[in-house]
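Our numbering applies: residue 117 is where the sequence shown begins, and numbers increase by one.
Idealized CB from N, CA, C, for every residue including glycine.
Just so it is clear, the structure is predicted and the values come from calculations on it, not from any experiment.
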Amino acid sequence: MSERADNTERGSPGYLGCAGLRTGIELSTQGWDMNETTNNGEPTRPVEGGGSASAAADAEARGSAEATGSGVVGETGPDSVCGRGVDAGRVTDPAPERGLGGHPEYGRGSGWTGTMHGVASPSGGSGGGGDADERRLAWVYLSRVVEGPCAPLSALIESVGVVEAARAVRECALPEVLRGPTELRRGIWRAEEDLALIGRLGGRVVTPDDAEWPAWRLLGLGQLDPGVDEDAGMPLVLWVRGPRSLSESTERAVAVVGARCSTGYGNHATGEIAGELAARGWTVVSGAAFGIDGMAHRAALAVGGMTIAVLACGPDRPYPVQHDQLLAEIAETGLVVTEYPPGTSARKHYFLARNRLIAALADGVVVVEAGIRSGARNTVKWCRRLGRPAMAVPGPITSAASVGCHRMIREGEAFIVTRAEDILDEAGPLRLSLPGVVPPNPEDNLAGDEALVLAALPGTGSRLPRGVAADTGLSLPTVRAALSALEIAGLVACDGNGWYQTNSSATSATTTVAAHERHRS
Numbered sequence: 117m118s119e120r121a122d123n124t125e126r127g128s129p130g131y132l133g134c135a136g137l138r139t140g141i142e143l144s145t146q147g148w149d150m151n152e153t154t155n156n157g158e159p160t161r162p163v164e165g166g167g168s169a170s171a172a173a174d175a176e177a178r179g180s181a182e183a184t185g186s187g188v189v190g191e192t193g194p195d196s197v198c199g200r201g202v203d204a205g206r207v208t209d210p211a212p213e214r215g216l217g218g219h220p221e222y223g224r225g226s227g228w229t230g231t232m233h234g235v236a237s238p239s240g241g242s243g244g245g246g247d248a249d250e251r252r253l254a255w256v257y258l259s260r261v262v263e264g265p266c267a268p269l270s271a272l273i274e275s276v277g278v279v280e281a282a283r284a285v286r287e288c289a290l291p292e293v294l295r296g297p298t299e300l301r302r303g304i305w306r307a308e309e310d311l312a313l314i315g316r317l318g319g320r321v322v323t324p325d326d327a328e329w330p331a332w333r334l335l336g337l338g339q340l341d342p343g344v345d346e347d348a349g350m351p352l353v354l355w356v357r358g359p360r361s362l363s364e365s366t367e368r369a370v371a372v373v374g375a376r377c378s379t380g381y382g383n384h385a386t387g388e389i390a391g392e393l394a395a396r397g398w399t400v401v402s403g404a405a406f407g408i409d410g411m412a413h414r415a416a417l418a419v420g421g422m423t424i425a426v427l428a429c430g431p432d433r434p435y436p437v438q439h440d441q442l443l444a445e446i447a448e449t450g451l452v453v454t455e456y457p458p459g460t461s462a463r464k465h466y467f468l469a470r471n472r473l474i475a476a477l478a479d480g481v482v483v484v485e486a487g488i489r490s491g492a493r494n495t496v497k498w499c500r501r502l503g504r505p506a507m508a509v510p511g512p513i514t515s516a517a518s519v520g521c522h523r524m525i526r527e528g529e530a531f532i533v534t535r536a537e538d539i540l541d542e543a544g545p546l547r548l549s550l551p552g553v554v555p556p557n558p559e560d561n562l563a564g565d566e567a568l569v570l571a572a573l574p575g576t577g578s579r580l581p582r583g584v585a586a587d588t589g590l591s592l593p594t595v596r597a598a599l600s601a602l603e604i605a606g607l608v609a610c611d612g613n614g615w616y617q618t619n620s621s622a623t624s625a626t627t628t629v630a631a632h633e634r635h636r637s
């Protein structure tokens, strides 16, 4: 067995688990070669000009093979480390691939000293560095590598920055938890082509660096535990078609979802509710599927309102294909949104991940008709995990199409609603008043969870979210979502020690909670 293979089995510094993520990446970005180790398992120190001493020693031996395009010396076999070959005595690299920026130099042991199609790329430096073009290309590259949510990759980006994260993925200087999700497509570089394609569609890619990124909407996704559900996590980027600002369009939004095989009753109820919400200036969010989803979009368009279609495929792949014209109409006046890069086909698992975005982009979720195993219930699950109200429209007691709605209502998973006014009474992280009703204080509009969290915060001093969760009995993600909503409303603030009530809210929080509890009883 080769020395590197032996070190990998023992657990070399470059391939630690989650706990070693920061250490491995920090060493890699400082010039240490995490793939070359000494006999005691330590990474080799950097040498002048980048790379490691052992990498330099291998260069001459690799030269003849690379010149012929084989990239392999001697007889080779599969290796567990990112597809490298193993010969009788050592590991050899495959032929240079098109790197991050189109350069073969961007590979194992390099300092990424090439350019990114005219954009200078740094050799080392801060993980959060890079100019805007370079960062955008890195975001797009990573979006294609993982195709969907990847909490470990998001953690890496938060730790070292998107440019260094892209470098680490391309070089496979990664812990075990990230090697699997990134190995299949890490060698694919088509960021420029993807940006050109979305541009030809009249769209754009929205990254966390952009002003229209709906940061506070997506904040709750970043607080969810990926150990409970692998789809938890914020999207890396959003591919968007349409003229409206994504962040502004989701300031007041309600998701309306339901059965694909809808009935006449369900279509009528959806048209009434979605049309009224859109007419009042609310954005209607849905998934562009057959049945209730399509009806919700059409109802919003019919009144000249705003609607957002969230797809489980690339922005250039209308799904279902029968809704090609509907999606084109939405893209003219509303928004078509997806986290999947161009060319991505719809898959069953992608729909489940898509549902979390529908829930995250809205103040609440309304279900109109759902069978016992309806995918709409998955959207409700995400809605509840984000601490937002789930609502369901009841149907005829004899209708199989409404069994799921009735069950959610019966088991307390969803509030019962029958008209737009009911939805507006529950919608959003803060309970919003109906037209013509002006409350004397902002906190009078609080929903249950926000009221409890506000009351648990001191008027003087501060508290951490875990303490609030322990006192209120709410889950930690629910507390964090409530704190974000209260901060936006100006009712709480955060200092270096924790969260506290602002002066405007401290005097009446207890009264608000008492009134809310009386209302519930």
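Nearest to A385 by alpha carbon, out of P512, L477 and A492?
P512
How close, in whole Å, do the beta carbons of A267 and A348 come, if the pair is a contact with beta carbons under 8 Å?
6 Å
Could you check whether R301 and V261 sit closer than 7 Å to each other, using their CB atoms as the reference points?
yes
What number of angstroms, rounded off, separates the C-alpha of D409 from the C-alpha of E485?
11 Å
Can you say whether S461 is buried or exposed, counting buried as having 16 or more other CB atoms within 10 angstroms of its CB?
exposed
Give the secondary structure of L352 by DSSP, where H, G and I count as helix, E and B as strand, and everything else as coil.
coil
For L362 and G316, the rounded distance between their alpha carbons
First, the amino acid is wrong: residue 316 is Arg here, not Gly. Straight-line Cα distance between these residues: approximately 19 Å.
Using 10 angstroms around the beta-carbon of D344, count the other beta-carbons present and answer buried if the total reaches 16, otherwise exposed.
In the sequence under discussion, the amino acid at residue 344 is Val, which differs from the Asp named in the question. Result: exposed.
Decide if H439 is buried, meaning its Cβ has at least 16 other Cβ atoms within 10 Å, or exposed.
buried
Close Cβ partners of T618 (< 7 Å) along its chain, the five nearest in sequence each way excluded
G606, L607, V608 and A609
Cβ shell of L592 (< 7 Å), same chain only, five flanking positions each side left out
P581, R582 and A585
Expected contact under 8 Å - CB spacing of R251 and V278 to nearest Å
6 Å
Contact check, A390 vs A405, beta carbons under 7 Å:
no
Roughly how far, in whole angstroms, is the beta-carbon of G491 from the beta-carbon of N471, given that I think they are within contact range, below 8 Å?
7 Å
Please confirm whether S259 and P457 have their CB atoms less than 7 Å apart.
yes
Could you tell me which residues DSSP puts in a beta bridge with W615?
R579 and C610
For V483 and S378, the rounded distance between their alpha carbons
12 Å
Name the one or two DSSP bridge partners that R357 has.
G319 and V452
Relative to the C-alpha of V519, which residue among A506, R504 and R489 is closest?
R489
Going by the CB atoms, is the gap between A375 and V400 shorter than 7 Å?
no
I believe A536 touches L502 by the beta-carbon criterion, under 8 Å. Please report the beta-carbon distance rounded to the nearest angstrom.
Rounded, the Cβ-Cβ distance is 22 Å, inconsistent with contact.
V344 by DSSP, collapsed to three states: which one?
coil
Following the continuous alpha helix (DSSP H) through A248, name the residue where it begins and the one where it ends.
A248 to V262
For I424, three-class secondary structure by DSSP
strand
Buried versus exposed call for G205 [16 or more other C-beta atoms within 10 Å across all chains shown]:
Low local confidence applies: a pLDDT of 32 at G205 is under 50, so the model's placement there is unreliable, with the coordinate-based value given in what follows. It counts as exposed.
Between the C-alpha atoms of M507 and L540, what's the straight-line distance to the nearest angstrom?
11 Å
So T454 and L427 are in contact, right, with Cβ under 8 Å, and what is the actual spacing, rounded?
4 Å
Note the first and the last residue of the continuous alpha helix (DSSP H) segment covering V483.
First-last for V483: V481 to V484, but that is the beta strand (DSSP E), not the alpha helix (DSSP H).
CA nearest to the CA of L303, picked from R286, D310 and I314:
Residue identity check: residue 303 is Gly in the sequence provided, not Leu. Nearest of R286, D310 and I314 to G303, Cα basis: R286.
Quick check on the DSSP output: the beta strand (DSSP E) that includes T366 runs from which residue to which?
Neither: T366 is in no beta strand (DSSP E) and is coded neither H nor E.
For S270, the first and last residue of its enclosing alpha helix (DSSP H)
A267 to V276
Looking at T323 and V276, is the spacing between their C-beta atoms short of 7 Å?
no
Could you check which residue in C288, A281, L272 and P436 has the C-alpha nearest to that of L253?
A281
By Cβ distance below 7 Å, which residues in the same chain neighbour L337 in space, the five residues on each side in sequence not counted?
A348, G349, M350, R472 and A476
May I have the straight-line CA-CA distance separating R357 from D326, to the nearest angstrom?
15 Å
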